[in-house]
Amino acid sequence: MIISALTILVYVLAAILIIAALFAVKQKDLLMAVIGTSAISVVLSIFFYILQAPDVALTEAAIGVALSTIIFVITIKKTERYEE
Amino acid sequence: MRKVLAVLLLAIVGYYMIDSFLKIPFGENRNTVGDYYLNTTVKETGSVNTVTSIVVNYRGFDTLGEVTVLFLATTGLAAILFENKKRKRRLQHASLIVRVGAHLIYPLIILLGAYVFIHGHLTPGGGFQGGAIIATGVLLMFMSYRSFEVSHKLLVYFESIAGIAFVTIGLSGLIWGTSFLENILPLGIPNSLFSAGVIPIIYIAVGVKVGAELTGLLDNLLKTIK
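Listed in order, the protein sequences are those of chains A and B.
The first sequence begins at 16 in our numbering and counts up one residue at a time.
The second sequence begins at 3 in our numbering and counts up one residue at a time.
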């Protein structure tokens with residue numbers, strides 16, 4: 016069985032995705048959790064590009080990485096940073 | 003008694019889930035709609051990007067609904083955050099490196115956003131993506147220069163004109179064609195900038211509208227930080 020470079024990339028990205036998702040759920044510091052969700056968005060947009068959906072990848076990159084992150088950061092700034 | 007009932011219910015649900023999962027034909031093409039779109043979009047709409055032709059032409063009415071939902075969301079946020087006095091962002095500039103970098107990148111990001119929505123019918127992307135990219139560029143300036151201001155009056159004008167343009171194009175399809183948002187302009191040669199009839203005009207309107215809305219939303223949110 017021949018393992019291509021793309022397959023290795025997909026497995027590595029999937030591992031990063033799962034680690035980032037677990038990090039975002041388990042983290043008590045909400046700012047770090049937001050960074051985790053932002054990392055999920057980065058990996059997801061690469062996945063969309065690999066799966067031949069560049070339109071969705073652009074949306075995910077612009078909205079998931081930049082805009083939703085800044086909205087969460089502003090909300091955390093106005094409320095509390097640490098989860099009880 | 004309760005446990006027996008729970009196990010029974012779980013067994014029934016599990017049986018049907020496994021049954022339906024085993025019936026999924028993996029690696030088989032059963033979706034004929036996709037083939038239809040891929041084969042006929044260039045002929046019918048003149049747009050090379052199939053996703054754009056579906057979003058703006060075949061499902062144009064849904065896009066109008068999405069734009070309306072975004073408009074209502076930003077209006078609602080502005081109403082919640084409304085204060086009667088004039089607000090300013092906290093005056094504290096970022097470091098010199100960030101400021102100079104932002105100044106260099108900001109026009110390029112705006113240009114990229116405009117490119118993405120003007121070329122929506124040729125390359126991947128479109129109005130929503132381009133508008134979001136433009137809002138990201140303005141956000142960079144907001145964060146590095148605390149005195150950077152965007153005129154809300156201008157944003158409102160842009161947004162209203164873009165929204166009115168979208169609806170007007172839809173209604174003109176009803177007047178000179180047969181249905182709302184019908185492609186009434188000539189299709190032109192596929193894969194050139196002036197092609198695909200009304201699709202580029204609608205996507206430019208959507209891009210301007212989304213960019214203005216998201217910029218106003220970010221400005222409103224950032225001004226609430228004390």
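Heads up, the beta-carbon is just placed ideally off N, CA and C, and yes, glycines get one too.
query	result
Report the three-state DSSP secondary structure of B/Y147 (helix, strand or coil).	coil
Can you find a C-beta in chain A that's less than 7 Å from the C-beta of B/G127?	yes
On a Cα-Cα basis, can you pick out the residue from A/V58, A/I23 and A/V25 that is closest to A/A35?	A/V58
Starting from the beta carbon of B/V169, find every residue of chain A whose beta carbon is closer than 9 Å, and list them in chain order.	Simply none; closest approach about 24 Å.
Quick one, which of B/V158, B/K25 and B/T217 has its alpha-carbon nearest B/G133's?	B/T217
Applying the criterion that 16 or more other CB atoms from any shown protein chain within 10 Å of the CB defines a buried residue, is B/G123 buried or exposed?	According to the sequence provided, residue 123 of chain B is His. The question's Gly does not apply to it. B/H123 should be labelled buried.
Looking at B/T47: is its Cβ nearer than 7 Å to the Cβ of B/V57?	no
How about B/G175 and B/I163: are their beta carbons less than 7 Å apart?	no
Rounding to the nearest angstrom, what Cα-Cα distance links B/I201 and B/I227 in this structure?	40 Å
Going by DSSP, what residue range makes up the alpha helix (DSSP H) through B/N185?	Unbroken run through B/N185: none, as it is neither H nor E.
So B/T138 contacts chain A; which residues on that side make the cut at Cβ distance below 8 Å?	A77, A81 and L82
Nearest chain B C-beta to A/T74 closer than 7 Å, yes or no?	yes
Mind pulling the chain B residues with CB within less than 8 Å of A/K93?	T226 and I227
Indicate whether at least one CB of chain B lies closer than 7 Å to the CB of A/I55.	no
Give the DSSP bridge partners of B/D221, in chain order.	None; B/D221 has no bridge partner.
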